[in-house]
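**Q**
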Amino acid sequence: MAKLLFRLNQVEEDEADEVRALLTDAGIEFYETDAGRWRVSVAAIWLRHNDDFDQARALLDDYQQQRRERIQQEYRQREEAGESETFLQRAQERPADLILALMAVAIIIALMVWPFIHFGSD
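Just so we're aligned, residue 139 is where the sequence shown starts under my numbering, counting upward by one.
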């Protein structure tokens with residue numbers, strides 16, 4: 139019976155590729171499922187044999203720890219070099235994103251306050 143090892147929702151493609159390579163190099167048989175057209179299914183990597191789960195889980199845990207440390211180190215290096223993106227830089231590069239986010243916040247606040255203003259005037 140197949141066993142779920144790793145969900146692929148919100149996972150970057152390079153990470154998924156590295157996990158696939160890790161399992162292949164270890165000789166662990168697996169298959170993938172995708173989320174489907176309407177994204178209601180589970181996009182994941184499944185093990186074909188339950189007996190491989192402990193080994194695969196240990197490999198995956200080690201890999202994720204190493205990846206976390208590598209990404210944190212890269213971020214610290216960019217930050218020390220002054221290359222990390224600030225809020226203002228991001229807003230200048232993508233002003234539409236900022237405007238849409240501010241509009242969404244304004245709409246939510248208006249919807250929350252509207253009943254008090256509307257019923258308070260009666």
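All C-beta atoms in this analysis are idealised placements derived from N, C-alpha and C, irrespective of residue type, glycine included.
Taking only three categories from DSSP, how would you classify isoleucine 209?
**A** helix
**Q** Confirm, please, whether the CB-CB distance from alanine 164 to leucine 197 is below 7 Å.
**A** In contact: leucine 197 and alanine 164 (Cβ atoms closer than 7 Å).
**Q** What's the call for valine 157, buried or exposed, on a 16-neighbour Cβ count within 10 Å?
**A** buried
**Q** Identify whether threonine 224 lies in helix, strand or coil by the three-state DSSP scheme.
**A** coil
**Q** Between the stretch 179-194 and the stretch 210-227, do at least 3 Cβ pairs fall closer than 8 Å?
**A** no
**Q** Going by beta-carbon coordinates alone, are phenylalanine 168 and leucine 160 separated by less than 7 Å?
**A** No, the Cβ-Cβ distance between phenylalanine 168 and leucine 160 is not below 7 Å.
**Q** Sorted by chain position, which residues of the same chain lie with C-beta nearer than 6 Å to leucine 236's C-beta, five sequence neighbours on each side aside?
**A** Excluding sequence neighbours, leucine 236 sits near Ala229.
**Q** Would you say isoleucine 166 and alanine 140 are within 7 Å of each other, going by their C-beta atoms?
**A** no
**Q** Apart from the five residues just before and just after alanine 173, which ones in its own chain have a Cβ nearer than 6 Å to its Cβ?
**A** Ser179, Ala181
**Q** Taking only runs of the beta strand (DSSP E) that begin and end inside the stretch 139-166, which ones reach a length of at least 3 residues, in chain order?
**A** 141-145
**Q** Under DSSP, the beta strand (DSSP E) around alanine 182 begins and ends at which residues?
**A** 182-185
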